[in-house]
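Notes follow the structure.
Residue numbers (our numbering): -17 to 287.
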């Protein structure tokens, strides 16, 4: 049944109102994205320094069997899966991609005889896991728009305690790595056990990349007081916290970028729909005018006859 001009005009007004909302949300997401990018850039020097200091302390300490965070467990029975996403939706497939990847990894571990233990950062992954009957061991929510270092410390302390207490034997983290406002890459990284070799490899790579900037790349000798093992024991928690904080910041930037893109697409789609409805309204108006002309002509012919 063809719609009247009034119905089409009402639909156009409703779509325009929605378009105003999506444009406003796009601008808000763009502003938050710029701040998130600045926080990522500000974190890098500190993160690089922590990695470098951890590497140097690990080299000086040698093999450190007394640090449980650095060691693998004898058996791999329970694998922790930390899913980092957002508290809110309207960001395209940002949240669902993380949940889908985490659940797929959990099924893979389960098929190989390992029990998956889920941890969720963000209301969306927590809700999605619960809906699937996969109740998270811990939910961390309420900070995904602007995570603070205290949030990363709280998460890291809980995860390190779970590893040390044999609640989990391994920890994998899933998050959206930020590349650009329109490009986010799903990342899956092993966070625990934080083996000494892993620390060395990452820090050596950082030093290779920055060697040209520092000249010869000579490593200064460092004296540790009281001893490198004690320094390493204090640095390792910072290393884990920084790794979690980096994931939170990149996830936040990715979320704002995904939401900005989704709202831009929604605004564009609304514009196309408005054009279609306007054309439909014009056609309806032309049909009414044509009908009125035909009625006038028919009436005139009737009078003349």
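Ideal placement from N, C-alpha and C gives every residue a C-beta, glycine not left out.
- The beta-carbon separation of residue 222 and residue 138, rounded to 5 Å, stays under the 8 Å limit for a contact.
- Contact check between the region 162 to 174 and the region 257 to 272: fewer than three CB pairs, one atom from each, fall below 8 Å, which does not count as touching.
- Rounded to whole angstroms, the gap between the alpha carbons of residue 116 and residue 208 is 46 Å.
- Secondary structure at residue 122: strand, using DSSP grouped into helix, strand and coil.
- Counting C-beta pairs closer than 8 Å gives three or more between the region 61 to 72 and the region 104 to 111, which meets the contact rule.
- Taking 7 Å as the cut-off, the Cβ atoms of residue 245 and residue 12 do not count as close.
- Residue 235 is positioned such that its CB atom lies closer than 7 Å to that of residue 160.
- With 16 or more other CB atoms across the displayed protein chains lying within 10 angstroms of its CB, residue 239 is buried.
- Within the region 137 to 169, complete alpha helix (DSSP H) segments of at least 4 residues are not found at all.
- Between the region 272 to 287 and the region 51 to 65, the count of Cβ pairs shorter than 8 Å is below three; the stretches do not touch.
- In the three-state reduction of the DSSP assignment, residue 21 falls in the helix class.
- Comparing alpha carbon positions, the residue from 267, 285, 5 and 154 closest to residue 252 is 5.
- Exclusion of the five residues before and after residue 21 leaves 231 as the residues of its chain whose Cβ lies within less than 6 Å of its Cβ.
- One thing to note: residue 29 has its Cβ no nearer than 7 Å to the Cβ of residue 155.
- Excluding residues up to 5 positions away in sequence, 51, 174, 219 and 222 lie with their Cβ nearer than 8 Å to the Cβ of residue 142 in the same chain.
- Excluding five sequence positions before and after residue 228, the CB atoms of its chain that fall closer than 7 Å to its own CB belong to 25 and 29, given in chain order.
- Cβ contact annotation for residue 91 (same chain, cutoff 6 Å, sequence separation greater than five): 61 and 98, in chain order.
- For residue 129, the three-state secondary structure derived from DSSP is coil.
- Residue 231: member of the alpha helix (DSSP H) spanning 210 to 286, first to last residue.
- In the DSSP annotation of this structure, the continuous segment of the beta strand (DSSP E) that includes residue 65 starts and ends at 60 to 66.
- A Cβ-Cβ distance of about 13 Å is found for the pair residue 102 and residue 125, leaving them out of contact under the 8 Å criterion.
- Residue pairing for residue 174: DSSP places it in a beta bridge opposite 153.
- In the DSSP annotation of this structure, residue 78 is not part of any beta strand (DSSP E); the continuous alpha helix (DSSP H) holding it starts and ends at 76 to 93.
- Judged by DSSP secondary structure, residue 108 falls within the alpha helix (DSSP H) whose first and last residues are 105 to 113.
- At the C-beta level, residue 63 and residue 100 come within 7 Å of one another.
- In the structure shown, residue 42 falls within a helical segment according to DSSP collapsed to helix, strand and coil.
- Sequence-distant Cβ neighbours of residue 35 in its own chain, meaning closer than 7 Å and more than five residues away, are 217.
- For residue 233 and residue -5, the gap between their C-alpha atoms comes out near 36 Å.
- Annotated as distal: residue -10 and residue 255, with beta-carbon spacing of 7 Å or more.
- For the pair residue 267 and residue 1, the CB atoms are not nearer than the 7 Å cut-off.
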